[in-house]
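Notes follow once the structure below has been shown.
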Ligand code: 1BN
Ligand code: ZN
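Quick look at the structure:
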């Protein structure tokens, strides 16, 4: 064999074995992450979703809102989470309405908090028995199953599972008629000087549709959003996380405004079809979508715990924005 041919063959063989080694490493990493997230059971979350929908419409301040909250608190208590109620009176276009955020607290090694959030209220829609299976119900269902998983393992961070009340507008969505619960909590944490202990917020909203299509929400913090989407791809769920980019005003906004890294995991496909109609019912929802979202959130938490452990609050983007900056091309 000629010298040049021998050299070329060696280069090709080295190339092939490097590609194979990288591929093996990738599938090992994927298997490891999969093993860590399979505890999230979408069927169990779906059963919570059914229970919440059976309560009926859950507008803020209603008797059904009390009943839904009682269900949420029974489940949190059964999971051994500590429960904090955050009651307040909201000034709305329909007068003063009592509302209550519920926080399930899972205290572990560190006082540093990661907030996992969603809403449990439903929109009041004239003439419609609006039960919000996807819009509202799916948020609460994911958080309840998350409580069961997180209380049964050792976590680095303290987790707050926040069930916001009053996400929906009473009349027409405006800055002052919407997001009552999240605006109240963000202001309260700021005035109590407690915002500094919150490392990140992950919000889930409208995540149960049977054709799950999560978009990149553009008011979210870029490095955290990148981390969620990269994690979804690593788990093999890239097809459910490819819905384009769009801004949404949701419960993460008051936290973004306070400088907390936040991401809204939301599927906007229903906006074009059954959003805020009687068709937002359980038969549009699929346990598998809850599984996908729950697992992506769990794997994102694992990645946050792994990379942020030595970084002081406020500098965690260093662990993520530098690598994501360099890998921006593969997004
Ligand atoms: C999400 C669920 N939202 C309301 N219910 C936020 C929103 C408001 C999304 C206006 C789009 C438009
Ligand atoms: Zn809504």
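In our numbering, the protein residues as written are 88 to 418.
Backbone N, C-alpha and C fix where the C-beta goes; we use that ideal spot for every residue, glycine too.
Computed from a predicted model, the values in this text were never measured in an experiment.
C-alpha gap between residue i and residue j, whole angstroms
| i | j | result |
| --- | --- | --- |
| residue 245 | residue 303 | 26 Å |
| residue 330 | residue 357 | 12 Å |
| residue 256 | residue 103 | 58 Å |
| residue 318 | residue 370 | 28 Å |
| residue 261 | residue 349 | 21 Å |
| residue 295 | residue 283 | 32 Å |
| residue 412 | residue 214 | In this prediction, residue 412 has a pLDDT of 39, which is less than 50 and means its spatial position is unreliable; what the coordinates show is noted afterwards. So the two alpha carbons sit approximately 49 Å from each other. |
| residue 125 | residue 363 | 32 Å |
| residue 409 | residue 156 | Below a pLDDT of 50, predicted positions are generally treated as unreliable, and residue 409, at 49, falls in that range; no measurement from the model is reported. |
| residue 259 | residue 378 | 33 Å |
| residue 150 | residue 367 | 21 Å |
| residue 95 | residue 314 | 39 Å |
| residue 253 | residue 239 | 30 Å |
| residue 344 | residue 336 | 12 Å |
| residue 221 | residue 210 | 12 Å |
| residue 374 | residue 107 | 35 Å |
| residue 169 | residue 191 | 6 Å |
| residue 414 | residue 395 | Residue placement at residue 414 is poorly supported in this model, since its pLDDT is 36, which falls under 50; the coordinates are not used for a value here. |
| residue 193 | residue 158 | 18 Å |
| residue 128 | residue 90 | 59 Å |
| residue 180 | residue 152 | 19 Å |
| residue 133 | residue 160 | 17 Å |
| residue 137 | residue 264 | 28 Å |
| residue 139 | residue 286 | 30 Å |
| residue 306 | residue 131 | 31 Å |
| residue 219 | residue 154 | 15 Å |
| residue 324 | residue 387 | 13 Å |
| residue 195 | residue 230 | 18 Å |
| residue 203 | residue 332 | 22 Å |
| residue 207 | residue 105 | 50 Å |
| residue 248 | residue 241 | 16 Å |
| residue 243 | residue 216 | 42 Å |
| residue 212 | residue 355 | 19 Å |
| residue 376 | residue 144 | 22 Å |
Burial state of residue i, where buried means 16 or more other Cβ atoms lie within 10 Å
| i | result |
| --- | --- |
| residue 250 | buried |
| residue 339 | buried |
| residue 298 | exposed |
| residue 122 | exposed |
| residue 276 | buried |
| residue 167 | exposed |
| residue 92 | exposed |
| residue 416 | Because the pLDDT of residue 416 is 30, which lies under 50, any placement of that residue in the model is unreliable, and the number read from its coordinates should be weighed accordingly. That one is exposed. |
| residue 353 | buried |
| residue 326 | exposed |
| residue 183 | exposed |
| residue 418 | At residue 418 the pLDDT is 31, less than 50, meaning the model places this residue with poor confidence; the figure from the coordinates comes in the next sentence. Result: exposed. |
| residue 279 | exposed |
| residue 110 | exposed |
| residue 141 | exposed |
| residue 97 | exposed |
| residue 428 | It is not possible to answer for residue 428, since the shown part of the chain is limited to 88 through 418. |
| residue 187 | buried |
| residue 100 | exposed |
| residue 360 | exposed |
| residue 171 | exposed |
| residue 341 | buried |
| residue 334 | exposed |
| residue 165 | exposed |
| residue 234 | buried |
Start and end residues, alpha helix (DSSP H) containing residue i
| i | result |
| --- | --- |
| residue 275 | 267-278 |
| residue 309 | 309-321 |
| residue 368 | Careful: residue 368 lies outside any alpha helix (DSSP H) and carries neither H nor E. |
| residue 329 | Neither: residue 329 is in no alpha helix (DSSP H) and is coded neither H nor E. |
| residue 132 | 129-142 |
| residue 153 | 150-165 |
| residue 232 | 225-238 |
| residue 295 | No alpha helix (DSSP H) contains residue 295, which DSSP labels as neither H nor E. |
| residue 344 | 340-344 |
Boundaries (first-last residue) of the beta strand (DSSP E) holding residue i
| i | result |
| --- | --- |
| residue 170 | 169-179 |
| residue 191 | 182-193 |
| residue 251 | 245-251 |
| residue 205 | 200-206 |
| residue 290 | 285-292 |
| residue 350 | 349-353 |
Residue i Cβ short of 7 Å to ligand 4 heavy atom set
| i | result |
| --- | --- |
| residue 293 | Absent from the structure shown: ligand 4. Ligands present: ligand 1 and ligand 2. |
Decide yes or no for the touch test of the stretch 216-226 against the stretch 265-276: beta carbon pairs closer than 8 Å, at least 3 of them. no
Taking one C-beta from the stretch 167-185 and one from the stretch 195-205 each time, how about it: are there three or more such pairs within less than 8 Å? no
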